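Here the structure comes first, spelled out in structure tokens, and everything after it is commentary.
In my numbering, the protein residues as written are 248 to 647.
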């Protein structure tokens, strides 16, 4: 039986189960509105979710080694993912409980209103910030320090190719991966934060100027932004970084400075569009007209009147822009034109160890080497997006 046939039969069985679930619910509850008005798609979703849950439980308890003695990589990675999900959920719940019990009345109120996803996101951001700030004290070794043993597997178990001195193993030239992951938070996240702040300074300032002054300045800036936004951002950044590599020469730190400026300018176009749109809605308000009649200057109008009323959408956009900038820097580093060695960077770590994915069927621990840095990138992106979604919901006034 082919795979497509099997999938088709499974979908048919789930669809039949959804119909039976709705029919049984109607009979058991005397045609209560919950089941009477339930669309078939909703019933299908319930049965599909229950089937997926049962399959996940069954798959979790499958043996990690086949009868032939070959590791079952799928089961191993699935168990790691489930265990990480459970630990993360418990940590986020405990963090929210502590936030509701400790702190000021304002912070306690925020934690009482905070969903579990936002609690997880805030916890991730705090842990990453602490790691980035105190990297040189948290890392057991330097980011450039090289040891004799190369490609040591994670886990620290000598029987499986690990080393207790290197809990997460070493890379292809003998550098400690735990230390480079910690320093990678300082380099990748720190540079992304600086770049995002610069992009918001450029885009926000020009956007508010265009909204306030309008006229020819608004037209010139808007058309220039349209031209830049018409070019795919990653391809444009890669092109400019290739040119900057020739300008920087052997000065690798200068290439990092060029990267910050290039990404900040490209991403400032998105901030400009938002700041201009929000600013145009604010400048027509009565209090802006009153400030103009009082003789207030341009700086007062922007920083005292427009900016405070545009804080909520700009803060939400800051989180989204940070994610895009963070992923762009990791992508450029993966392609070899981002953060340069010997500085630790998660994108470079993924590129250097990507070939070990091919060993997943024989040694899951070996395949875990590139997943460490990739997981660090994904975790921060998910955490920031959780917080941004919550902030957008709060600013919109919608209730859960």
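Cβ coordinates follow ideal geometry from the N, Cα and C atoms, glycine included. As the structure is a prediction and not an experimental result, all values here were calculated from the model.
- DSSP lists 413 as the beta-bridge partner residues of residue 410.
- The C-alpha of residue 274 lies about 13 Å from the C-alpha of residue 284.
- Under the criterion of beta carbons closer than 8 Å, residue 446 and residue 526 do not qualify as touching, at roughly 17 Å.
- Comparing alpha-carbon positions, the option among 524, 586, 614 and 453 lying closest to residue 402 turns out to be 614.
- Under a 10 Å Cβ-count criterion, residue 426 is classified as buried, with 16 or more other Cβ atoms of the shown protein chains found around its own Cβ.
- Taking 4 residues as the minimum length, the alpha helix (DSSP H) runs contained wholly in the region 369-448 are 382-385 and 424-431, in order along the chain.
- Exposure of residue 466 is indicated by the presence of fewer than 16 other C-beta atoms within 10 angstroms of its C-beta.
- Its Cα nearest to that of residue 337, the residue 367 stands out among 312, 604, 367 and 355.
- Apart from the 5 residues on each side of it in sequence, residue 556 sits with its Cβ closer than 6 Å to the Cβ of 529 in its chain, given in chain order.
- If you draw a straight line from the Cα of residue 547 to the Cα of residue 453, it comes to about 15 Å.
- Nearest to residue 523 by alpha-carbon distance, out of 506, 504, 469 and 575, is 469.
- Residue 592 and residue 580 do touch by the CB rule: their CB atoms are close to 5 Å apart, below 8 Å.
- Per DSSP, residue 541 lies in no alpha helix (DSSP H) and is assigned neither H nor E.
- Taking residue 379 as reference, the option from 433, 632, 390 and 310 with the minimal CA-CA separation is 433.
- By the C-beta criterion, the region 353-365 is judged not to be in contact with the region 388-407, since fewer than 3 inter-stretch pairs fall below 8 Å.
- The C-alpha of residue 536 is placed about 51 Å away from the C-alpha of residue 621.
- A straight line joining the alpha-carbon of residue 490 with that of residue 438 spans about 20 Å.
- Under the three-state reduction of DSSP output, residue 312 falls in the strand class.
- Straight-line spacing of the CA atoms in residue 406 and residue 428 works out to 24 Å.
- In the DSSP assignment, residue 552 falls outside any alpha helix (DSSP H), carrying neither H nor E.
- Ranked by how close their Cα comes to the Cα of residue 449, the residues 505, 409, 394 and 513 have 513 in first place.
- 9 Å or more divides the Cβ of residue 596 from the Cβ of residue 451.
- For residue 318, same chain residues with a beta-carbon under 8 Å away, outside a window of 5 residues either side, are 311, 312, 608, 609, 610 and 611 in chain order.
- By the 16-neighbour rule on beta-carbons within 10 angstroms, residue 541 is exposed.
- If you draw a straight line from the Cα of residue 532 to the Cα of residue 539, it comes to about 11 Å.
- The secondary-structure analysis by DSSP pairs residue 318 across a beta bridge with 312.
- Cβ neighbours of residue 293 within its own chain (closer than 8 Å, five residues either side excluded): 265 and 268.
- If you draw a 10 Å sphere on the C-beta of residue 371, you find 16 or more other C-beta atoms in it, and that means buried.
- Note that the region 626-639 touches the region 552-569; at least 3 beta-carbon pairs, one per stretch, sit closer than 8 Å.
- For the 9 Å CB-CB criterion, residue 306 and residue 323 do not form a contact.
- Here residue 375 is buried: its Cβ has 16 or more other Cβ atoms, across all protein chains shown, within 10 Å.
- With fewer than 16 other Cβ atoms inside 10 Å of its own Cβ, residue 419 counts as exposed.
- Between residue 272 and residue 282, the beta carbon gap of about 4 Å places them in contact (Cβ cut-off 8 Å).
- For residue 286, the three-state secondary structure derived from DSSP is coil.
- With a 10 Å radius around the Cβ and a threshold of 16 neighbouring Cβ atoms, residue 515 comes out buried.
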